[in-house]
Ligand SMILES: [Zn+2]
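Numbering (my numbering), first residue to last: 13 to 370.
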C-alpha cells in the first residue's frame, strides 16, 4: 500500500517555481512594503530610496537620492550597481542572486503570492495570463513615458527661459571653482537660478540645460551653492538621459566632442576645449548612454571623441563601458578616441584649478 502511494507521487511532476513567472508577478510595491524601504516618487516614475543596498551610500534627502527603483528594476547612481526586481529582493535580504538564486526566488515568490504548481496545464495557462498582463503593462508604460517626456520638455523650456543671465552669488561660486563666469555666460553655457533649492536657500545657483537628443531642453540642472546634498539636482520627475551644456545637434564636420560628467566638469570642459562640443552626462550612470548616443554622429562627422571620466570607481567603470560603445562604431584609441587620465584622483575641475590644460 505504501509502495503504491510512493510510486504515484514519484510519477507526478515536481512542484517548482518558474523564475519568469515570479519576475512577472513581482512588483516594486511588494518589495518596498516587505523590506520597509523608505522611498519617495510618483506612482508612475522612479522611486528614490534612502540607502543603496550595494554601496550602502545613504542620502540625507530622498529628493536627491541616487538609489532609484523603477517598475522593473533598480539602479544606484553613486556606484552604478543595478539589477532587476529579483536582484533587489536578494540585495535587500543580504543574498547574492548568483549564489543563492533558489532562496531568493522562493522569497520573491512568497512576496508575489506565486505558489509552486505541479499541474502543467495550470502553469501554462498562468504563463499566458502573465504574458498578457506584461504586454499591456509595457504598452501603457511606453505611452505614459512618451507623454511624460513631452510634458517635461515643455516645463523645462519655460524654466530654462526663466533663468537669470547673471548673478553675483553664482559668479562667485564659479570663480571659486576656477571658472571664468563671463566666458561661460557669453557661450550660453550657464545661467543662474532666481530662487533657492529650498525656500531658505539663497538664489543664484549656476544652472545648465540638459538637452534631449534633438536639442530640445529636457531638464534644468543646478549646481547648488549650498554644501549639503543634493549637490546637483535636476527638475523633479524629469528624465536624466540627455546631455548637459551642449547637444548632439551641435556636432559639425570634424569637430571635437568632449563627454564628461556633472555640472562643474561640463562647464570646465567648455572652457578647456572652447571650440569643442561638450556633452555632459548627468551622473556616471548616464555616461555610457551619452557616448552610445553621440558616437555614431561624431564618427559620421569625422570628429574626435574625448571622454573625461571622474577618477572614482563608478566614473572609471562608466568610462570603460562608454569606450566600448565608441570602439563598436569604429573609433580607435590611437586615432580618434581619447580617454583622458588626469591622475592622482583628480576630476577635470580639480586638474583645471591646478593648472592642467589639454
Ligand atoms: Zn550604490
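Ideal placement from N, C-alpha and C gives every residue a C-beta, glycine not left out. From a predicted model like this one, the values you see are computed outputs, not experimental measurements.
(message) In this structure, how does DSSP classify residue 308 when only helix, strand and coil are distinguished?
(response) Within the chain shown, residue 308 is the residue found at index 296, counting from 1. Here residue 308 sits in helix by DSSP.
(message) I need the straight-line Cα distance from residue 327 to residue 151, nearest angstrom please.
(response) Taking the first residue of the chain shown as position 1, residue 327 is located at position 315. Taking the first residue of the chain shown as position 1, residue 151 is located at position 139. A direct Cα-to-Cα measurement between residue 327 and residue 151 gives close to 34 Å.
(request) Counting only runs of 3+ residues fully inside the stretch 284 to 344, write out the beta strand (DSSP E) ranges in chain order. (result) Entirely contained in the stretch 284 to 344, the beta strand (DSSP E) runs reaching 3 residues are, in chain order, 289 to 293 and 317 to 320.
(message) Measuring straight from C-alpha to C-alpha, what distance separates residue 15 and residue 106?
(response) In the chain shown, counting from the first residue as 1, residue 15 sits at position 3. In the chain shown, counting from the first residue as 1, residue 106 sits at position 94. Annotation note: pLDDT 37 at residue 15 (below 50); position unreliable, no value reported.
(request) Please classify residue 359: is it buried, with 16 or more other beta-carbons within 10 angstroms of its beta-carbon, or exposed? (result) Counted from its first residue, the chain shown places residue 359 at position 347. So residue 359 ends up on the buried side.
(message) So, at 6 Å on beta carbons, what are the nonlocal neighbours of residue 286 in its own chain, with the 5 sequence-adjacent residues on each side left out?
(response) Translated into positions along the chain shown, residue 286 becomes position 274. Hits under 6 Å: none found.
(message) Given the structure, does residue 296 come close to ligand 1, in the sense that its CB is under 7 Å from one of the ligand's heavy atoms?
(response) For this step, residue 296 is matched to residue 284 along the chain shown. No, the beta carbon of residue 296 sits no closer than 7 Å to any heavy atom of ligand 1.
(message) Let me make sure I understand the geometry here. Which of 310, 199, 80 and 96 has the alpha-carbon closest to that of residue 344?
(response) In the chain shown, the residue the question calls residue 344 occupies position 332. Of the listed residues, the one whose Cα sits closest to residue 344 is 310.
(request) Taking 6 Å as the limit, tell me which residues put their C-beta closer than that to any heavy atom of ligand 1, in chain order. (result) Every residue passing the under-6 Å Cβ criterion appears here: 64, 66, 67, 69, 88, 90, 91 and 93.
(request) Specify whether the stretch 107 to 126 and the stretch 32 to 44 touch according to this definition: at least 3 beta carbon pairs, one from each stretch, less than 8 Å apart. (result) Using a Cβ-Cβ distance cut-off of 8 Å, the stretch 107 to 126 and the stretch 32 to 44 are in contact, since at least three pairs of beta carbons, one from each stretch, lie closer than that value.
(request) Name the two residues that bound the continuous alpha helix (DSSP H) containing residue 49. (result) Along the chain shown, one-based indexing puts residue 49 at 37. Where residue 49 is concerned, there is no enclosing alpha helix (DSSP H), because DSSP gives it neither an H nor an E.
(message) Taking the straight line between their C-alpha atoms, what separation do you get for residue 144 and residue 138?
(response) Mapped onto the chain shown, residue 144 falls at position 132. Mapped onto the chain shown, residue 138 falls at position 126. Spanning the alpha carbons of residue 144 and residue 138 requires a straight line of approximately 10 Å.
(request) Report yes or no: do the stretch 287 to 296 and the stretch 262 to 272 share at least 3 C-beta pairs separated by less than 8 Å? (result) Counting C-beta pairs with one atom in each stretch, the stretch 287 to 296 and the stretch 262 to 272 have three or more that are closer than 8 Å, which means they touch.
(request) Tell me whether the beta-carbon of residue 171 lies closer than 8 Å to the beta-carbon of residue 247. (result) For the purposes of this step, residue 171 is taken as residue 159 along the chain shown, with counting starting at 1. For the purposes of this step, residue 247 is taken as residue 235 along the chain shown, with counting starting at 1. Cβ atoms of residue 171 and residue 247: closer than 8 Å.
(request) Use the C-beta contact count for residue 363: other C-beta atoms within 10 angstroms, 16 or more gives buried, fewer gives exposed. (result) Numbered from 1 along the chain shown, position 351 holds the residue referred to as residue 363. Buried, because 16 or more other Cβ atoms sit within 10 Å of the Cβ of residue 363.
(message) Classify residue 33: buried if its beta carbon has 16 or more other beta carbons within 10 angstroms, exposed otherwise.
(response) Stepping through the chain shown from its first residue, residue 33 is reached at position 21. That one is buried.
(request) Take residue 167 and list the residues in its own chain whose beta-carbon comes closer than 8 Å to its own, dropping the five residues that flank it on each side. (result) Taking the chain shown and counting its residues from 1, the one referred to as residue 167 is at position 155. Contacts found: 247 and 250.
(request) May I have the straight-line CA-CA distance separating residue 158 from residue 222, to the nearest angstrom? (result) The residue you call residue 158 lines up with position 146 of the chain shown. The residue you call residue 222 lines up with position 210 of the chain shown. Residue 158 and residue 222: Cα-Cα distance of roughly 17 Å.
(request) Using three-state DSSP, classify residue 81 as helix, strand or coil. (result) For this step, residue 81 is matched to residue 69 along the chain shown. The answer is strand: DSSP assigns residue 81 an E or B state.
(request) For my contact list, residue 351 and residue 335 are in at a C-beta cut-off of 8 Å; report their separation, rounded to the angstrom. (result) Stepping through the chain shown from its first residue, residue 351 is reached at position 339. Stepping through the chain shown from its first residue, residue 335 is reached at position 323. Confirmed, about 6 Å.
(request) For the alpha helix (DSSP H) containing residue 188, list its first residue and its last residue. (result) Working through the chain shown from its first residue, we reach residue 188 at position 176. Judged by DSSP secondary structure, residue 188 falls within the alpha helix (DSSP H) whose first and last residues are 180 to 188.
(message) Helix, strand or coil, according to DSSP, for residue 159 in the structure here?
(response) Within the chain shown, numbered from 1, the residue matching residue 159 stands at position 147. DSSP places residue 159 in helix when its eight states are reduced to three.
(message) What does the Cβ neighbour count give for residue 300, buried or exposed, with the cut at 16 atoms within 10 Å?
(response) The residue you call residue 300 lines up with position 288 of the chain shown. Result: buried.
(request) In the DSSP assignment, find the beta strand (DSSP E) that holds residue 221 and state where it starts and stops. (result) Here the question's residue 221 lines up with position 209 in the chain shown. First-last of the beta strand (DSSP E) with residue 221: 218 to 223.
(request) Assuming residue 314 and residue 243 form a contact by the criterion Cβ under 8 Å, report the distance between their Cβ atoms to the nearest whole angstrom. (result) Translated into positions along the chain shown, residue 314 becomes position 302. Translated into positions along the chain shown, residue 243 becomes position 231. So it is not a contact: roughly 36 Å between Cβ atoms.
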